[in-house]
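Working notes, structure below.
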Amino acid sequence: MSVEQPGKTDSGVPSASLPSEGFRGFVSIALTLYLLGFTLTVACNSSSGSSTLLRTVKSKLFSPWMVPLWLDIGFDERLTYGQIDDADYLIMVEPWESSGEDMSIRLPAKGASGVAAARWRQLASWLEPGMVPEDVAGLLPSAMAENLFDDVGAEDVRVRTMRVVLTDREEFSAEDAAEPQYAPVAVARVRRVAGSVQLLPVEQERDVAPVVTPSAEQGATP
Amino acid sequence: MSSLSTSEPRPLSEQLGRAWNAFWFVPTNARGLAVIRIATAALGLLLWASYANDLQQWFGPEGVVSPSVIDSWRSSYGISLFDSATTAASLWALYAVGFVAFAALLVGIGTPFAAIAAAVLWVSLLHRGPMLVQPADDLLVILLWCLVIGRSGDAISLDARLRAIRKLPEAGPSVRNRLALSLLGVHASGIAVAAVLSQLKGDVWWDGTAAWWLVSGRDQAAGTLMAALAESDYLTNFVTHAITLFEIVFAAGVWVAGLRGFVVTMGLFGWPLIGLLSGDLLWGCGMATLGLAWAPPAWFAGRPALFAGR
């Protein structure tokens with residue numbers, strides 16, 4: 008952004024074409040305030056957290072006018088990390104009684120690309136526990152299920168949030184790229200009973216040692 | 003900002019004041035901002051269109067992001083025109099208005115109003131569904147608000163063409179254009195700094211494997227690139243460090259007059275490439291557009307015949 012210099016003065020700044028001092032003073036104050044707010048959003052909207060002092064100053068003085076304008080951003084982009092949380096997510100909704108994938112709805116659809124698919128992936132990432140405060144954590148799974156009851160053909164559904172399993176470079180194979188593997192990060196059961204939508208807690212399946220039941224031939228007694 | 007003064011050195015405060023005035027307040031013509039306007043509107047149309055297929059499923063009367071969900075989710079300061087679109091028809095109508103605003107911004111007709119309408123509607127749409135927002139959406143907000151400040155319709159626009167037909171005097175340099183370009187430039191540099199800060203917190207950017215993790219976590223992973231990165235430690239390390247180095251050079255280089263042309267050119271290719279690698283090409287295109295604010299005015303000296311004023 009090189010500065011044009013029409014009729015510049017001995018100082019290099021074309022004073023004749025500059026706006027009035029009053030205007031410059033007013034705009035300079037506004038710019039200073041905005042740039043301070045911009046710096047605070049970068050400092051506070053970070054996954055590393057922020058200090059109470061900066062957070063309080065930002066929330067009291069800057070958020071009231073920066074949030075409505077969508078300027079309280081921080082630019083702490085997920086895509087700049089290269090961490091496990093950066094992996095893509097998807098949502099699977101299926102009848103609770105069903106175990107196969109034939110009945111399930113997948114969002115985004117398999118093979119979907121583009122920005123719309125990315126928005127579904129972003130939405131899915133918010134379904135992971137810990138991404139949002141507890142009091143609102145159940146809202147999206149319930150809303151997703153309610154929206155899809157008709158499409159799934161059931162009013163008792165399982166909402167699964169899955170994330171791409173990151174592969175170590177040493178273990179990479181061409182098949183991994185063609186068909187990425189997913190691991191569940193959250194499961195919810197949502198049902199509608201008498202018009203009321205209920206979110207039921209689901210115990211995540213865990214890797215445990217198989218239960219061995221001795222057979223009668225081995226001397227087990229009932 | 004070269005000084006022709008031969009007298010004794012001026013106090014630091016005076017030098018800073020002059021630099022501040024020169025950076026923010028020297029009137030400039032609208033040509034560079036007009037190019038940014040066209041790129042922004044094209045990006046805006048793409049991002050706006052990305053809501054079309056799922057608009058009702060997201061925001062419709064029975065949508066996933068229902069008013070009760072958004073009430074609990076959104077900051078108390080958040081506000082959206084789309085909150086008032088409570089029927090499918092009104093939602094489509096408001097959405098269509100957004101398309102018209104971005105299209106008007108693209109060709110530069112009624113540009114000041116189109117810029118305000120596009121900015122307000124875009125921010126409204128983001129506030130209606132914050133959980134759907136992508137990094138490119140944030141960049142578009144910055145670009146649009148700066149277009150509201152500047153007079154980007156004064157060049158390469160139907161507005162300029164109409165002025166020429168009516169034989170009105172051509173719009174001259176404006177302080178508003180300078181303010182808009184300078185704000186865009188500061189954001190381009192600041193966002194690059196924010197990206198570097200994010201990266202330097204992560205081990206993978208230090209051990210040189212970040213490029214691999216960026217690519218391998220994608221739903222639609224690029225097999226060929228993954229194979230190449232899997233094949234070579236050095237290539238993975240090189241790509242990782244090149245990204246960080248590029249961002250540092252961009253963030254600092256735009257402030258050095260002699261490097262500006264080179265750095266902006268580098269940004270036009272570098273940002274989209276980083277976007278492509280990380281699965282968000284439009285974010286990269288948005289960053290390249292922001293970087294154009296630093297382009298030397300000579301870049302935009304030519305006049306496209308179709309939209310040229312007199």
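Quick note, the sequences are listed as chains S and G, same order. The first sequence begins at 8 in this note's numbering and counts up one residue at a time. The second sequence begins at 3 in this note's numbering and counts up one residue at a time. Idealized CB from N, CA, C, for every residue including glycine.
Could you have a look at residue i and say whether DSSP puts it in helix, strand or coil?
i: S/Arg198; result: strand
i: G/Arg153; result: coil
i: S/Glu186; result: coil
i: S/Ile112; result: strand
i: G/Arg76; result: coil
i: S/Ile98; result: strand
i: S/Ile163; result: Looking at the sequence itself, residue 163 of chain S is Asp, so the reference to Ile does not match. Note: S/Asp163 maps to strand in three-state DSSP.
i: S/Leu134; result: coil
i: G/Val122; result: helix
i: G/Thr30; result: strand
i: G/Trp207; result: helix
i: G/Leu164; result: helix
i: G/Arg220; result: coil
i: S/Asp93; result: helix
i: G/Ser92; result: helix
i: S/Phe82; result: coil
i: S/Tyr41; result: helix
i: G/Ser15; result: helix
i: G/Ser191; result: helix
i: G/Asn23; result: helix
i: G/Tyr53; result: coil
i: G/Gly131; result: coil
i: G/Pro299; result: helix
Cutting at 8 angstroms between CB atoms, please list the residues of its own chain near residue i, excluding the five before and the five after it.
i: G/Tyr79; result: none
i: S/Pro217; result: For S/Pro217, the pLDDT reaches just 48, beneath the cut-off of 50, and the residue's location in the model is therefore unreliable, although a value from the coordinates is still provided. No residues qualify anywhere along the chain.
i: G/Arg313; result: In the structure as shown, chain G starts at 3 and stops at 312, and residue 313 of chain G therefore has no counterpart that could be examined.
i: S/Val64; result: Leu47
i: G/Ile151; result: Arg178, Leu181, Ala182 and Leu185
i: G/Ala303; result: Arg33
i: G/Ala224; result: Val217
Tell me which residues share the same chain as residue i and place their Cβ nearer than 7 angstroms to its Cβ, disregarding the 5 neighbours each side in the sequence.
i: G/Ala62; result: As written in the sequence, residue 62 of chain G is Gly, which differs from the Ala given in the question. The answer, listed in chain order, is Ala90 and Leu93.
i: S/Pro115; result: Leu97, Ala124, Trp127 and Arg128
i: G/Ser280; result: Leu216
i: G/Thr238; result: Gly210, Thr211, Ala213, Trp214 and Leu231
i: G/Trp26; result: Arg180, Leu181 and Ser184
i: S/Phe82; result: Val49
i: S/Ser57; result: Ala50 and Cys51
What residues match up with residue i in a beta bridge as DSSP calls it?
i: G/Arg180; result: Answer is none; G/Arg180 lacks a bridge partner.
i: S/Pro191; result: S/Met169
i: S/Leu206; result: S/Val197
Near residue i, which residues of its chain fall below 6 angstroms by C-beta distance, leaving aside the five closest residues on each side in sequence?
i: G/Ala212; result: Val206 and Thr242
i: S/Asp163; result: Trp103 and Arg198
i: G/Val66; result: Trp60
i: G/Ser176; result: Pro29 and Arg153
i: G/Trp273; result: Gly286, Met289 and Ala290
i: G/Ser191; result: Ala253 and Val256
i: G/Phe248; result: Gly272
i: G/Ala2; result: Because chain G here runs from 3 to 312, residue 2 of chain G falls outside it and cannot be looked at.
i: G/Ala106; result: Gly112 and Ala116
i: G/Arg130; result: Phe61, Ser82 and Phe84
i: S/Glu153; result: Val204
On the premise that residue j lies in contact with residue i, defined as a C-beta separation below 8 angstroms, what is that separation, rounded to the nearest angstrom?
i: S/Val197; j: S/Pro148; result: 6 angstroms
i: G/Leu48; j: G/Leu145; result: About 13 angstroms; that fails the 8 angstroms criterion.
i: G/Ala157; j: G/Ala36; result: 4 angstroms
i: S/Ala131; j: S/Thr174; result: That pair is no contact at about 20 angstroms.
i: G/Gly100; j: G/Leu134; result: Not a contact, Cβ separation roughly 15 angstroms.
i: S/Ala195; j: S/Val166; result: 5 angstroms
i: G/Ala166; j: G/Ala32; result: The pair is not a contact, with the Cβ atoms about 14 angstroms apart (cut-off 8 angstroms).
i: G/Val109; j: G/Leu160; result: 5 angstroms
Which residues of the segment 49–63 of chain S have a Cβ closer than 7 angstroms to any Cβ of chain G? Give them in chain order. Val49 and Ser55
When Cβ atoms are compared, which residues of the segment 165–180 of chain S fall closer than 7 angstroms to chain G? Val171, Leu173, Thr174, Arg176 and Phe179
Compile a chain-ordered list of the residues in the segment 212–228 of chain G whose CB is closer than 8 angstroms to at least one CB of chain S. When CB distances to chain S are screened at a threshold of 8 angstroms, the residues of the segment 212–228 of chain G falling below it are Ala212, Ala213, Trp214, Trp215, Leu216, Ser218, Gly219, Arg220, Asp221, Gln222, Ala223, Ala224, Gly225 and Met228, in chain order.
Which residues, taken in chain order from the segment 150–163 of chain G, show a beta carbon closer than 8 angstroms to some beta carbon of chain S? none
Give, in chain order, every residue of the segment 192–203 of chain S whose Cβ lies closer than 9 angstroms to some Cβ of chain G. none
Taking a Cβ distance cut-off of 9 angstroms, strictly less, list which residues of the segment 82–102 of chain G are near chain S, in chain order. Answer in chain order: no residues at all.
When Cβ atoms are compared, which residues of the segment 125–139 of chain S fall closer than 8 angstroms to chain G? Ala125, Arg126, Trp127, Arg128, Gln129, Leu130, Trp133 and Val139
Could you list the residues in the segment 16–27 of chain G with a C-beta less than 8 angstroms from some C-beta on chain S, going in chain order? Arg20, Trp22, Asn23, Ala24, Phe25, Trp26 and Phe27
For the segment 139–156 of chain S, enumerate the residues whose C-beta is nearer than 9 angstroms to any C-beta of chain G, in chain order. Val139, Asp142, Val143, Leu146, Leu147, Ser149, Ala150, Met151, Glu153, Asn154 and Leu155
Can you pull out the residues from the segment 104–123 of chain G whose beta carbon lies closer than 8 angstroms to at least one beta carbon of chain S? Answer in chain order: no residues at all.
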